[in-house]
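In what follows, a structure is listed as structure tokens, so that the remarks can point back to it.
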Amino acid sequence: MEEMARGSERLLEAYRAGGFKLDEGLVNDVAERLREIDLHDILIKGQPIPDFMRASFKVDDPKQGGMVIGELLDVFGGREGLPATIRLFPRGIPWPGEFNVDVLINHHQF
Numbered sequence: 033m034e035e036m037a038r039g040s041e042r043l044l045e046a047y048r049a050g051g052f053k054l055d056e057g058l059v060n061d062v063a064e065r066l067r068e069i070d071l072h073d074i075l076i077k078g079q080p081i082p083d084f085m086r087a088s089f090k091v092d093d094p095k096q097g098g099m100v101i102g103e104l105l106d107v108f109g110g111r112e113g114l115p116a117t118i119r120l121f122p123r124g125i126p127w128p129g130e131f132n133v134d135v136l137i138n139h140h141q142f
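Counting along the sequence shown from 1, when you hit position 110 you're at 142 in my numbering, and nothing is skipped either side.
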């Protein structure tokens, strides 16, 4: 009969195989590059070492949205294994007057 791994063993294995962790350098790079942009919302979580960040930026037009995405890609591009997602959402009906740029950096989701 096959022996099953205990939950605590699986938890320790997942912790040891942790992968990417947020660091102060990454957060500083994002803050520095986008200091002129309106940060709408930010959430950083993970104990003892943060491994999840969600941020939302409000931009006025598609050109500024493209600039924000370009800056984020420059910051993220030099970090191998960074699990990041960037999304651009229009705001306004019937024509978008503003855009949200949402960024998600997340080690893993359960």
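All C-beta atoms in this analysis are idealised placements derived from N, C-alpha and C, irrespective of residue type, glycine included. Values in this document were obtained by computation on a predicted structure and should not be read as measured data.
Taking a C-beta distance under 8 Å as the contact criterion, F121 and F108 do not qualify as a contact pair. Each residue's CA atom was taken as its position, placing L75 and G113 some 21 Å apart. Closest in C-alpha terms to V133, from the list F84, V100, V59, comes V100.
Shortest Cα-Cα distance from R86 to any of D73, R111, L105 involves D73. Secondary structure at P94: helix, using DSSP grouped into helix, strand and coil.
According to the DSSP assignment, L58 belongs to no beta strand (DSSP E) but to the alpha helix (DSSP H) extending over 56-65. Pairing L66 with L44, the inter-Cα distance amounts to about 37 Å. CA-CA distance, G97 to I81, rounds to 30 Å. Within the DSSP secondary-structure output, F89 pairs in a beta bridge with L71, V133. Closest by C-alpha distance to K90, out of G124, Q79, N138, D106, is G124.
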